[in-house]
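Colleague: Mind having a look at this structure? Questions to follow.
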Amino acid sequence: GAVVSQHPSWVICKSGTSVKIECRSLDFQATTMFWYRQFPKQSLMLMATSNEGSKATYEQGVEKDKFLINHASLTLSTLTVTSAHPEDSSFYICSAPNRGQETQYFGPGTRLLVL
Amino acid sequence: KQEVTQIPAALSVPEGENLVLNCSFTDSAIYNLQWFRQDPGKGLTSLLLIQSSQREQTSGRLNASLDKSSGRSTLYIAASQPGDSATYLCALTGAGSYQLTFGKGTKLSVIP
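The listed protein sequences derive, respectively, from chains E and R. Numbers 182 to 296, taken from our numbering, label the letters of the first sequence in order. Numbers 423 to 534, taken from our numbering, label the letters of the second sequence in order.
And the structure:
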């Protein structure tokens with residue numbers, strides 16, 4: 182089956198630094214990828230839709246200048262958390278729909294801890 | 423705006439029992455509904471996908487049903503096993519979109 186990878190799986194950083202998370206589709210091309218955030222005991226909340234070759238679409242309440250998304254190729258989307266703060270600590274998961282299969286494949290997630 | 427509710431939030435059953443997880447949604451204009459499994463600290467694994475025109479899907483010991491008119495879906499797990507312990511998430515896709523709206527999940531514990 183289709184595989185989506187994320188890197189890193191774990192990251193701990195100091196407040197004020199920026200963190201980049203990569204999401205790759207390993208055996209298929211994805212013109213669209215989604216970025217979700219999951220706080221403890223909460224469900225996944227869609228943050229933004231990453232579109233290859235164009236600007237990302239952000240959900241209401243998500244700061245586009247804080248969460249920078251780049252979808253530079255058909256297999257890679259990156260999420261950069263700029264000037265991270267402790268409240269940004271969360272589990273970030275990306276997904277990619279496989280064209281024509283009407284389902285989404287999820288990455289294993291990246292746990293971010295901002296000290 | 424679509425809202426997805428899952429009840430119960432947590433469930434503990436002895437091994438071997440059959441069980442039902444519930445999912446309800448407010449907007450019946452859905453494209454499809456999926457059930458996912460999430461293990462602690464891990465990503466999501468798709469279990470079953472039901473198109474809006476379908477009533478149910480089965481995979482092994484799992485059976486998912488969909489009743490759009492009442493805004494409900496159930497996930498039936500037969501002969502539960504300790505390995506079934508995980509959080510089960512229900513998610514919907516609206517027409518013409520890949521975007522998923524998730525419920526908060528049901529945390530299942532199967533006791534040996």
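Glycine residues also receive a C-beta, built at the ideal position from the N, C-alpha and C atoms. Owing to the predicted nature of the structure, the values given are computational and were not obtained by experimental measurement.
#1: Against chain E, does R/Gly465 count as a neighbour if the rule is that its beta carbon must be under 8 angstroms from one of theirs?
#2: At the level of alpha carbons, what is the spacing between R/Glu439 and E/Thr212?
#3: Give the DSSP bridge partners of E/Arg218, in chain order.
#4: R/Gly525 CB to nearest chain E CB: under 8 angstroms?
#5: I want to verify the contact list: residues of chain R whose CB lies under 9 angstroms from the CB of E/Thr259, in sequence order.
#6: Can you name the start and end residues of the beta strand (DSSP E) that R/Glu478 belongs to?
#7: Look up R/Pro430 in the DSSP assignment and say whether it is helix, strand or coil.
#8: For the stretch 200 to 217 of chain E and the stretch 262 to 277 of chain E, state whether three or more C-beta atom pairs, one from each stretch, are separated by less than 8 angstroms.
#9: Out of curiosity, what's the CA-to-CA distance linking E/Pro189 and R/Asp449?
#10: Can you pull the DSSP bridge partners for E/Tyr239?
#11: Within a Cβ cutoff of 8 angstroms, which residues of the same chain sit near R/Leu522, ignoring the five residues on either side of it in sequence?
#12: Around the Cβ of E/Ile193, are there at least 16 other Cβ atoms within 10 angstroms (buried) or fewer (exposed)?
#13: Output, in sequence order along the chain, the residues in the stretch 469 to 484 of chain R whose CB is closer than 7 angstroms to any CB in chain E.
#14: Whole angstroms is fine: what's the gap from R/Lys464's alpha carbon to R/Thr528's?
#15: Under the rule that 16 or more other beta-carbon atoms within 10 Å means buried, what is E/Gly288, buried or exposed?
#16: Taking Cβ positions only, does R/Tyr520 come closer than 8 angstroms to chain E?
#17: Tell me the DSSP secondary structure of E/Pro278 in three-state form.
#18: Taking C-beta pairs closer than 8 angstroms, name the residues in chain R that E/Leu207 reaches, listed in chain order.
#19: List the residues of chain R that E/Gln210 touches, going by C-beta distances under 8 angstroms, in chain order.
#20: Taking the alpha carbon of E/Leu249 as the point to measure from, which residue in E/Trp191, E/Ser196, E/Ser231 has its own alpha carbon closest?
#21: Quick check on DSSP: helix, strand or coil for R/Gly505?
Modeller: On the basis of the data shown:
#1: Numbered from its first residue, the second sequence carries residue 465 of chain R at position 43. Taking Cβ atoms only, chain E reaches closer than 8 angstroms to R/Gly465, which makes this a yes.
#2: Locating residue 439 of chain R in the second sequence gives position 17, counting from the first residue. Locating residue 212 of chain E in the first sequence gives position 31, counting from the first residue. The alpha-carbon atoms of R/Glu439 and E/Thr212 are separated by roughly 43 angstroms.
#3: For this step, residue 218 of chain E is matched to residue 37 along the first sequence. For E/Arg218, which the question treats as bridged, DSSP gives the partners E/Met226, E/Tyr273.
#4: Numbered from 1 along the second sequence, position 103 holds the residue referred to as residue 525 of chain R. R/Gly525 counts as touching chain E.
#5: Mapped onto the first sequence, residue 259 of chain E falls at position 78. Per Cβ cutoff of 9 angstroms: no residues; E/Thr259 is ~17 angstroms from chain R at best.
#6: Counting from 1 along the second sequence, the entry for residue 478 of chain R is found at position 56. Counting along the chain, the beta strand (DSSP E) containing R/Glu478 begins and ends at 478 to 481.
#7: Taking the second sequence and counting its residues from 1, the one referred to as residue 430 of chain R is at position 8. Three-state DSSP puts R/Pro430 in coil, outside helix and strand.
#8: yes
#9: Position 8 of the first sequence, counted from the first residue, corresponds to residue 189 of chain E. Position 27 of the second sequence, counted from the first residue, corresponds to residue 449 of chain R. Rounded to whole angstroms, E/Pro189 to R/Asp449 spans 36 angstroms at the Cα level.
#10: Position 58 of the first sequence holds residue 239 of chain E. According to DSSP, E/Tyr239 bridges with E/Ala229.
#11: Translated into positions along the second sequence, residue 522 of chain R becomes position 100. So the list reads Gln456, Ala513, Leu514, Thr515, once near-sequence residues are dropped.
#12: Sequence index remark: in the first sequence, residue 193 of chain E carries index 12 (1-based). So E/Ile193 counts as exposed.
#13: Leu471
#14: Along the second sequence, one-based indexing puts residue 464 of chain R at 42. Along the second sequence, one-based indexing puts residue 528 of chain R at 106. Approximately 15 angstroms, taken between the alpha carbons.
#15: To locate residue 288 of chain E, count along the first sequence from 1; it is residue 107. Classification for E/Gly288: buried.
#16: Counted from its first residue, the second sequence places residue 520 of chain R at position 98. So yes, R/Tyr520 belongs to the interface.
#17: Locating residue 278 of chain E in the first sequence gives position 97, where the first residue counts as 1. E/Pro278 falls in the strand class under three-state DSSP.
#18: Against the first sequence, residue 207 of chain E aligns to sequence position 26. The premise fails here: E/Leu207 is roughly 14 angstroms from chain R at the closest Cβ pair, so nothing lies under 8 angstroms.
#19: As a working note, residue 210 of chain E is residue 29 in the first sequence. In chain order: nothing, as chain R lies at least about 14 angstroms away.
#20: For the purposes of this step, residue 249 of chain E is taken as residue 68 along the first sequence, with counting starting at 1. It is E/Ser231 whose Cα lies nearest to the Cα of E/Leu249.
#21: Mapped onto the second sequence, residue 505 of chain R falls at position 83. Residue state, collapsed to three classes: helix.
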